[in-house]
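Every position in the sequence shown, counted from 1, becomes a number in the working numbering once 828 is added.
Here the structure comes first, spelled out in structure tokens, and everything after it is commentary.
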Amino acid sequence: MNKLNGTLDVTSLSEIIRLCSVQQKTGALTLSRAGIQKTLYFHKGVLIYITSNRPGERVGEYLIQRGDLTRTWAGFLLKDSKRNGIAFTTSLLEKNIFDKKKLEDALANLANSALADVISWTTGSYEFSEKLPQQALNGPIRISEVKALQQLLQQGESVQSQTNTAEILRNVAQKIFNNNFSLPLLPKIAIDLEQAWDETATDGQLMRIVHSDQVLSAYLLRVVNSAIGNKQHVSTIKQALEVYPSDHIIGILHAQIACAQPPKHQDTVSQMSQHALRCACLSEQIAAQLGENQDMAFTCGLFHNIGKVLLLQLLIDGDIDETKLPQLVSRYGDNSGALLSLRCRNCLFKSYTAA
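Here you go:
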């Protein structure tokens, strides 16, 4: 997709961020609503910085509000940075107003607050530019993506909540960051694979089963990407077959079947899986009409709700009240998927270590 713009009432910011991560985009995503403009800067799919023109979210104003900077100094440093063509944060450090760690902490809090606010936007417009300002790329301060992504998952949760939902969501985010989770495999898929092996199916027949299941596809990409080291990481099953021997791939699948666990709420997960496959097929058809990469479109469609599948399993493991599950999965599923794809890169599992 070369052009990325539209309105937030059609495409949520979580979906846009996930797309930027999966396609490893570098550039600036500008979001506008009612005169407020915020820009998220990405480098190879990594969220590295956020700027905002909202009162109180400009760097100088924020530091003044915190009592870390006087208005006089802020005005002087702003002029100095413009005159010398350097970032405002660079002036703060060069004039020894802040040490780097203190400034990083302050700006991380500002960026997380700005992100938490914009994630709640349901109206407004967005536009992605592949031009990344050098000040954003080479500036002395970058935000903590981990903290920012936790805001993605936890946004909207009331501080006065009478339940432990917020704490559970924090634990979910931590498990994703620590790779401390596994995706469940539907028994039917495991049975289909076993039968195919018993009937000595061809590699092509086996791959068709894998190709149609989001969990097997995700697992295979995870292991292959970790095994090929510094080579070009793969994003589709077709690419995996091109760079990895087929007998090794069959071995990977055997290992997954041997240790796979069935999902909790199998009927719900089965419905999600069927919906994902329909989305994958539709995405492939649309890509064909637009002249885009059909394999990539199919994979993205297949993975689009994998965050909901993962979130459902982790919430159940956290002993959350069963009556709260549908609302939480519906509310935070997209954010969980964005968190997962941003954390792991390149179709979810680029940076994983093989299980």
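Positions of the beta carbon are idealized from the N, C-alpha and C atoms, including for glycine.
The structure presented is a predicted model; accordingly, all values stated were derived computationally and were not measured.
Considering only the alpha carbon of each residue, which of the options lies closest to residue i?
i, options, result
"Val1043", "Asp1026, Ala862, Thr1127 and Leu859", "Thr1127"
"Gln963", "Pro1090, Ile878 and His1082", "Ile878"
"Cys848", "Tyr954, Tyr1072 and Glu1112", "Tyr954"
"Gly888", "Leu935, Leu1048 and Gln865", "Leu935"
"Arg1159", "Asp1145, Asp1147, Gly1146 and Leu1140", "Leu1140"
May I have the straight-line CA-CA distance separating residue i from residue j, to the nearest angstrom?
i, j, result
"Phe956", "Leu857", "4 Å"
"Phe926", "Arg886", "17 Å"
"Lys910", "Glu843", "35 Å"
"Gly834", "Asn924", "42 Å"
"Pro1012", "Leu1130", "15 Å"
"Gln1084", "Leu906", "56 Å"
"Lys769", "Pro961", "Outside the shown range of the chain, which is 829 to 1183, sits residue 769, and nothing can be said about it."
"Val838", "Thr951", "9 Å"
"Ala1183", "Val1051", "Note on Ala1183: pLDDT 30, under 50, position unreliable in the model; the coordinate value appears next. Straight-line Cα distance between these residues: approximately 7 Å."
"Val1000", "Val1097", "18 Å"
"Pro1015", "Pro883", "54 Å"
"Ser880", "Ile1078", "49 Å"
With a 10 Å radius around its C-beta and 16 neighbouring C-beta atoms as the bar for buried, classify residue i as buried or exposed.
i, result
"Gly895", "exposed"
"Thr1151", "exposed"
"His1076", "exposed"
"Ile1065", "buried"
"Pro1091", "buried"
"Leu1110", "exposed"
"Asn1133", "buried"
"Glu1022", "exposed"
"Ala862", "exposed"
"Leu891", "buried"
Just to check my reading of the structure: residue i and residue j have Cβ atoms closer than 8 Å, yes? What is that Cβ distance to the nearest angstrom?
i, j, result
"Ile1004", "Asp1020", "Actually they are not in contact, since the Cβ atoms of Ile1004 and Asp1020 sit about 29 Å apart, beyond 8 Å."
"Leu920", "Leu931", "6 Å"
"Glu958", "Gly1119", "Wrong, their Cβ atoms sit about 19 Å apart, outside the cutoff."
What span of residues does the beta strand (DSSP E) with residue i cover, start to end?
i, result
"Phe870", "Ile864 to His871"
"Tyr877", "Val874 to Ser880"
"Thr858", "Gly855 to Arg861"
Any beta carbon from chain D within less than 9 Å of residue i's own beta carbon?
i, result
"His1061", "Included in the structure is just one protein chain, with no chain D present."
Terminal residues of the continuous alpha helix (DSSP H) containing residue i?
i, result
"Glu1112", "Gln1094 to Leu1118"
"Ala1088", "It is not in any alpha helix (DSSP H) - Ala1088 carries neither H nor E in the DSSP assignment."
"Asn833", "Looking at the DSSP string, Asn833 is not in any alpha helix (DSSP H); the run it does join, the beta strand (DSSP E), is Asn833 to Thr835."
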